[in-house]
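What follows is one structure encoded as structure tokens, with my remarks underneath.
Residue numbers (this note's numbering): 7 to 520.
Written as structure tokens, this is what we have:
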């Protein structure tokens, strides 16, 4: 790695490499060198030094993302190192800092955001502390400090991206709502929730400072219906929210609503009104909600054009597609997911009109399981050719032959910014005459040797066009998701419990019939 480190940074590394000496001589180190000592200790995984540096931090602000990012002294970016040893030491150092004598406490803001969670940890220990683990660690530390008798003084504001599930819910609630004086005050710019009940979600979000929240992700196992969504937006309110992700079926009508005529439409219109009050909203993900014919109602009132829109598997119809193509959003879209819709066979003119409108801004396009077949490739090439900003194209699960893929790849090689293609297993790799498989298990049973040959041919198409900068792959079981990876055990337990409850209800119903 040819990074040019400054003499100052080399000196910081040398000092940090001798933890004993480093900790004894910290008091005589100039204040403006502390950021270098912190990065050097993080780089070399000298956790004890990290803890001491934080404990004695002489500046008013500590911003983790900025400290780990590239700088003139050390150009390497360490923000993708969620190193467990270093992060635990950092939080312990924060606790040390607020427990010391008031005259020594300088810190006012500790911003712990800016870490990127990646699949392969590049820190020496190779052990990561993901977003959920960081949330639990910080919440527990806040709770422990609440029990300490403290010297008076201003609390340190701690900014952190929170990831809350049933497993760390209690600690987070206690940390956000201290009974008495708390030396660390948790604030969250972004909040992710999974495996919580709707009432738990509402409760913790009310405490989390919704007025300052920028990003809210409610995923997978939070069972919301449209009534809950309306309650969340109307009663809690998120005036500064820029990004909103809602779970599967979040727009299904609540039981009470389904029986009243026109009730469902009124509820959707009032959700749209609440969304329109969020004047900074640019990202909206509502995949796997049945929104047939409802897109004009939902997106029409929005005050700002969306940059990110995920409508995968929302059962869109012609009216929805026509609205999207002609809306103010189209010309601003950077990330678009329309997976699970037969776009080219059902809505060719509106889909290609939408692509044309978005061509100048679109960076990431996902069209998985869109029924794209060989005869559609010509139209698709025409539709994509003006998309000069496109960086990623994902179209798994479309029954295309090797021949059609070669033709498509030749056209894609002309998109100057393209860096990543996720392509489907070619039709040729499944038994002849068999239907193209739709589920993951059946999809994974293909002729591997044939697949390897075809994927080599496709790489050769790119190489001939001098485009070895484009990564190609077929991630059959989805791309890496660090948050799901980290909480998979808890998710499993949650799903088992849901299954068990369903079985008990079923057997109770059977007994009643008998």
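Note that the Cβ used here is the ideal one computed from N, Cα and C, for glycine as well.
Notebook entry, point to check: Do residue 213 and residue 197 have their C-beta atoms within less than 8 Å of each other?
Noted result: At the C-beta level, residue 213 and residue 197 stay beyond 8 Å of one another.
Checklist line | Backbone CA spacing between residue 8 and residue 73 [nearest angstrom] | finding: For residue 8, the predicted structure reports a pLDDT of 47, less than 50, and the residue's modelled location is therefore unreliable. A value from the coordinates is still provided. Rounded to the nearest angstrom, the two C-alpha atoms are 20 Å apart.
Next item on the list: Identify every residue that forms a DSSP beta bridge with residue 249.
Entry: Bridge partners of residue 249: 221, 289.
Check: What first and last residue would you give for the beta strand (DSSP E) that runs through residue 372?
Finding: Unbroken beta strand (DSSP E) run through residue 372: 370-372.
Note to self: Just verifying my parser: in three-state terms, what is the DSSP assignment at residue 427?
What the structure shows: Strand.
Check: Which one or two residues does DSSP pair with residue 192 in a beta bridge?
Finding: Its beta-bridge partners are 164.
Next item on the list: Flag residue 312 as yes if its beta-carbon sits less than 8 Å from any beta-carbon of chain B, otherwise no.
Entry: Of the protein chains in this structure there is only one, and it is not chain B.
Next item on the list: Since I believe residue 410 is in contact with residue 383 (beta carbons under 8 Å), could you give me their beta-carbon distance rounded to a whole number of angstroms?
Entry: About 5 Å separates the beta carbons of residue 383 and residue 410, which is inside the 8 Å limit, making them a contact pair.
Next item on the list: Assign residue 200 to buried or exposed, taking buried as 16 or more other Cβ atoms, counted over all protein chains shown, within 10 Å of its Cβ.
Entry: Buried: at least 16 other Cβ atoms inside 10 Å.
Next item on the list: Give the C-beta separation of residue 374 and residue 402 to the nearest angstrom, bearing in mind that I take them to be a contact with Cβ-Cβ under 8 Å.
Entry: Taking 8 Å as the upper bound for CB-CB distance, residue 374 and residue 402 are in contact here, some 5 Å apart.
Next item on the list: Give the DSSP bridge partners of residue 68, in chain order.
Entry: In the DSSP output, where bridge partners are listed per residue, residue 68 has 116.
Notebook entry, point to check: Over what stretch of residues does the beta strand (DSSP E) that includes residue 477 continue unbroken?
Noted result: First-last of the beta strand (DSSP E) with residue 477: 477-479.
Next item on the list: Decide yes or no for the touch test of the segment 219-238 against the segment 266-274: beta carbon pairs closer than 8 Å, at least 3 of them.
Entry: When Cβ pairs closer than 8 Å are counted between the two stretches, the segment 219-238 is seen to touch the segment 266-274, the count reaching three or more.
Checklist line | Element boundaries [alpha helix (DSSP H), containing residue 125] | finding: Per DSSP, residue 125 belongs to no alpha helix (DSSP H) and is neither H nor E.
Note to self: Quick check: what's the CA-CA separation for residue 172 versus residue 352?
What the structure shows: Rounded to whole angstroms, residue 172 to residue 352 spans 42 Å at the Cα level.
Notebook entry, point to check: Does DSSP classify residue 43 as helix, strand or coil?
Noted result: It is helical.
Note to self: Please classify residue 255 as buried or exposed, where buried requires at least 16 other C-beta atoms within 10 Å of its C-beta.
What the structure shows: With fewer than 16 other Cβ atoms within 10 Å, it is exposed.
Check: Taking buried to mean at least 16 other C-beta atoms within 10 Å of its own C-beta, is residue 2 buried or exposed?
Finding: Outside the modelled stretch of the chain, which goes from 7 to 520, sits residue 2, for which no answer is possible.
Check: Using the rule of at least 16 other Cβ atoms within 10 Å of the residue's Cβ for burial, across every protein chain shown, is residue 516 buried or exposed?
Finding: Taking all protein chains shown into account, residue 516 has fewer than 16 neighbouring C-beta atoms within 10 Å of its C-beta and is therefore exposed.
Item checked: residue 343 classed as buried or exposed, judged by whether at least 16 other C-beta atoms fall within 10 angstroms -> With 16 or more Cβ atoms within 10 Å of its Cβ, residue 343 is classed as buried.
Check: What residue range is occupied by the uninterrupted beta strand (DSSP E) comprising residue 398?
Finding: Residue 398 -> beta strand (DSSP E) spans 398-400.
Item checked: Local Cβ density within 10 Å of residue 19, reported as buried at 16 or more and exposed below that -> With 16 or more other Cβ atoms within 10 Å, it is buried.
Notebook entry, point to check: According to DSSP, what are the bridge partners of residue 198?
Noted result: Looking at the DSSP output, residue 198 bridges to 169, 223.
Margin query: I'd like the ranges of any beta strand (DSSP E) spanning at least 3 consecutive residues and lying wholly in the segment 326-388.
Written below: Restricted to the segment 326-388, the beta strand (DSSP E) segments that are unbroken, complete and at least 3 residues in length are 341-343, 370-372, listed in chain order.
Next item on the list: With DSSP collapsed to three states, give me the class of residue 271.
Entry: Three-state result, residue 271: helix.
Next item on the list: With distances taken Cα to Cα, identify the nearest neighbour of residue 423 among 14, 448, 368.
Entry: Answer by Cα proximity: 368.
Next item on the list: Please report the residue range of the alpha helix (DSSP H) in which residue 489 lies.
Entry: Under the DSSP assignment, residue 489 falls in the alpha helix (DSSP H) whose first and last residues are 488-492.
Next item on the list: Taking all protein chains shown into account, decide if residue 133 is buried (16 or more other Cβ within 10 angstroms of its Cβ) or exposed.
Entry: Burial call: exposed.
Next item on the list: Pick helix, strand or coil for residue 315, following the three-state DSSP scheme.
Entry: Here residue 315 sits in strand by DSSP.
Item checked: Cα-Cα separation between residue 170 and residue 218, rounded to whole angstroms -> Roughly 17 Å separates the two Cα atoms.
Notebook entry, point to check: Is the number of C-beta pairs between the segment 447-459 and the segment 158-166 that are closer than 8 Å three or more?
Noted result: Verdict: no, contact absent.
Notebook entry, point to check: What three-state label does DSSP hand residue 7 in the structure shown?
Noted result: Below a pLDDT of 50, predicted positions are generally treated as unreliable, and residue 7, at 44, falls in that range; no measurement from the model is reported.
Check: Can you tell me whether residue 326 is buried or exposed, with buried defined as 16 or more other CB within 10 angstroms of its CB?
Finding: The residue in question, residue 326, is buried, as its Cβ has 16 or more Cβ neighbours within 10 Å.
Notebook entry, point to check: Looking only at DSSP bridge pairs, what is residue 134 linked to?
Noted result: According to DSSP, which records beta bridges pairwise, residue 134 is partnered with 89.
Checklist line | Of the listed residues 489, 56, 180, 413, nearest to residue 96 (C-alpha basis) | finding: Looking from the CA of residue 96, the closest CA among 489, 56, 180, 413 belongs to 56.
Checklist line | Residue span of the alpha helix (DSSP H) that contains residue 19, given as start and end | finding: Start and end: 13-22.
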